[in-house]
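Everything on this sheet refers to the single structure shown next.
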Amino acid sequence: MALYEPDRSQYPVKKPDGTLDIDLSSGKYLKLWQGPQHPGITGNMSLELTVCGDEVVDCQTHVGYLHRGFEKLMERRTYIQCFPIVCRICVPEPDFNEYCYAAAVEELSGIKSPHRADWIRTLILEMGRINSYMMYLGGHAGSLGMGVIGQWTTYVRDLMLDRFEELTGARIYHMFILPGGVRDGLPDGFEKRMEETLREIESTMKDVYEAMFCNAVFKKRAIGLGYIDPALIDPYGVTGPTARAAGVAKDVRKDFPYLVYPELDFEPVMGKDSDAFTRADVRRRDVLLSIDLIRQILAKMPHDGPLMAKIPNVLHWKVPRGETYIRAECSRGEYGYYLVADGSGYPRRVNVRGPSYTHAVALLERLIINVNIADVAGLMVSLHTYPPEIER
Amino acid sequence: MRELYEQLKRLFPLGEYTEQRRDLAFVTVPKDHLRPLLIHLRDRERFSHLVLLTAVDWLEEGHFQLTYLMNDRAGKRDLGLRVLIPRDGAAMEGIHDLWPTAATYQRELREMFGIDFPGSPRVNEEFILEGWTGMPPYRRDFDTKKFSEENFNHRPGRATTDPATHMKEKLYPDEA
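Taken in order, these protein sequences are the chains called A and B. The first sequence runs contiguously to residue 393 in the numbering used here. The second sequence runs contiguously to residue 1055 in the numbering used here.
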C-alpha cells in the first residue's frame, strides 16, 4: 500500500526549452526563501524555493553573503603574508587550506618538507577532520529535530580544540603548517592526553550511535532522503563521503596518497544506499577511522629529526614561474589549491577548489526537487556544505 | 603522462606541454579544439571528473588563460588544459552540457573576470556580487586599493612598525 501518493497533475509542466511553466499568479505555487538567516541553512546561503503544497518544485541557490575576495587579496600579498588568509577560507577545517597552500608553494619552489613534519601535518589534518565531523553530526541531528546530540558533539570537539591549543597555540586558526614544515613538535605528555580525548570521543560516538542512528524518527526522515544516483557522481563533481556513501570509493588519501598516508593502514569507509542516512553513517564511521589513524600516527611517528626545511628569506621569497594543483581529502571531499606563480614575490593566481562549490549549488538544486519543505534542512546538511568555500 | 600527450598530439593540434609532477601535466589547447578534446578525454581516457575551471589573467601578454583541470581516478593522473583567449571581448564556449557543475564555474568567471559563456544557465545573473557595475574585480587591472579608498572611510589604526625593517632586525640580523 502506498503511504503517500502526491497529486502529480498540479506539478509544473516542463516546457520544450527545459524551463518550468510556473505561474505564480495561479495560486498553486508559493515562493519561499530559506535563508540567509535560517537555522536550517548551513552557513551564509539562501535557497529560493518554489513550493506547491508541501513540496519543492523548483530551487535557485543564492550565495554571496560572505564574499571576502580572498583569492584577489592574495595576489597583492607576498607568499608568506597569505598564510593568515588561507586558513580563514574554511572555519571548520582551516588546516587543509594551510596544508594545500604550503605544499603548492613548496612544490613550485622545489622545497621538500622533512619527514617528521609530514607526520605532524597528517596528525593535524586528522584532528581537524574529527573537529569538522563533530560540528556536522550536531548540525545534522539538529536539522532533523534532535538538539541534544549537538551539545554532546560540541563538548568533545572542545576537548579536541584543547589538544589543538596545546599543540599549536591556537584553537581555531592554527597557522601551524608553514611552507617548509611545521612550527613545532609535540609537547611533553601530548600522546597521553590525546589518548584520553580519543577515548572520550569514542564513548560519545557510541552514545550518538544509539541516540541518533537507532532513533526511529531519524531513520524515518533520513532514509531515502536525497538519493544520489552513482551515475551523477562524476558529472556533478561529487567527492568525499557523499560519493563514498553512493558506493564510489573516492578518497584522495587512497587515490592520490599524500604526506604519510601510504605508511598508514586503512581502508576508505564505504556505504551503498546513497541517502542522507547512509551519508551520516559513513561520516560517523569516518570519525572512528580518524581516531584509529591518530593512534597509528602517534605510535609510528619519529620523535626526533628536523621540523623545518631550509626556506628562503620570507621577505624576498620569489617563486619560479609555473602552475600546480595540490589536493587533500577534507571531511567534505576533495579540497584543492591551484596556484600559478609568475616568478615574482606575489602569487599570480590562487584558486581554491572547495567541495561545497559543486555540492551546494548544482547538486543541491537537483536533489531538492520533490523534497518536503521540512526535509530541506536535513538534505542540505546531509551534503555537508559550507558556503564560505563557494565564494571565498 | 608524456605518452598520453604523444597520443593526443596525433589527434589534436596541441601546444606547449609542461609536466609538473609524475601524475600532473598541463597542456595548451587551441580554443576551437577544447570541446572535442574534453569529450575524447572523458569518453576514451577515463578523465571523467572535472576538478575545476578557472581563469588566470595575463594582463601583460593580453590574454586570459582558462584552466580546465581533468582527473582520471583509476589511472591516478591529472591533466590541466590551458586555453588562451584574448582579453578584449573575452568569450568561450560553455561545457555545462558535459558537466552540469561547470555552469557554476562559468557564472563565477562571467562575474569575476568578465568572460562570457553564451548559453550557460543563469550566466548573466548576479552570482556573488550584488549591484556591481564596474570592472570585473578579479581582472589584474582592477585596483583593490583605489576601490577601498573610494568606498570605505579611512580609520586611523594603531601605531605599527614597518614589517620589513622589524623582521630584518629580529629574524635576519646578519643579512645585509
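Heads up, the beta-carbon is just placed ideally off N, CA and C, and yes, glycines get one too. Here the structure is a predicted model, which means the values were calculated and not measured.
Residue burial annotation: Tyr336(A) is buried, with at least 16 other C-beta atoms found within 10 angstroms of its C-beta. Burial is judged here by how many other beta carbons sit within 10 angstroms of a residue's own beta carbon; Lys1024(B) has fewer than 16 and is exposed.
For His1045(B), there is no enclosing beta strand (DSSP E); the enclosing alpha helix (DSSP H) has its first and last residue at 1042 to 1049. With contacts defined as CB atoms closer than 7 Å, Cys83(A) and Ala329(A) fail to qualify as a contacting pair. Beta-carbon to beta-carbon, Met147(A) and Phe214(A) are separated by about 11 Å, too far to satisfy the 8 Å threshold. Burial check for Gln35(A): the Cβ neighbour count within 10 Å reaches 16 or more, so the residue is buried. When DSSP reads this structure, Asn98(A) sits in no beta bridge, so it has no partner.
For Leu977(B), the number of other beta carbons within 10 angstroms of its own is below 16, and it is reported as exposed. The beta carbon of Gly139(A) is closer than 7 Å to those of Ile150, Gly151, Thr154, Thr155 in its chain, skipping five residues each way along the sequence. Per DSSP, the unbroken beta strand (DSSP E) holding Pro348(A) starts and ends at 348 to 354.
By the neighbour-count criterion, in which 16 or more other beta carbons inside 10 Å mark a residue as buried, Ser26(A) falls on the exposed side. For Gly129(A), there is no enclosing beta strand (DSSP E); the residue is found in the alpha helix (DSSP H) stretching over 116 to 144. Asp1041(B) and His317(A) have their C-alpha atoms some 15 Å from each other.
Taking a beta-carbon distance threshold of 7 Å, Asn45(A) does not count as an interface residue toward chain B. Taking all protein chains shown into account, Phe257(A) has 16 or more neighbouring C-beta atoms within 10 Å of its C-beta and is therefore buried.
Contact of Ala363(A) with chain B is assigned, a C-beta pair being separated by under 7 Å. The beta-carbon of Asn373(A) is placed no less than 7 Å from the nearest beta-carbon of chain B. Contact annotation: Thr123(A) and Ile327(A) have beta-carbon atoms that are not nearer than 7 Å.
Distance from Leu945(B) to Ala934(B) at the Cβ level is roughly 5 Å; contact confirmed, criterion being Cβ atoms closer than 8 Å. Taking 8 Å as the upper bound for CB-CB distance, Pro93(A) and Ser133(A) are in contact here, some 4 Å apart.
Chain-ordered, the chain B residues with CB closer than 7 Å to the CB of Asn352(A) read Leu931, Thr933. Those residues of the segment 1007 to 1023 of chain B placed with their C-beta closer than 9 Å to a C-beta in chain A are Ile1007, Leu1008, Glu1009, Pro1016, Tyr1017, Arg1019, Phe1021, Thr1023, ordered along the chain. Judged by DSSP in its simplified three-state form, Gly993(B) adopts coil rather than helix or strand. Counting only Cβ-Cβ distances below 8 Å, Val320(A) has no contacts in chain B at all, with the closest Cβ about 13 Å away.
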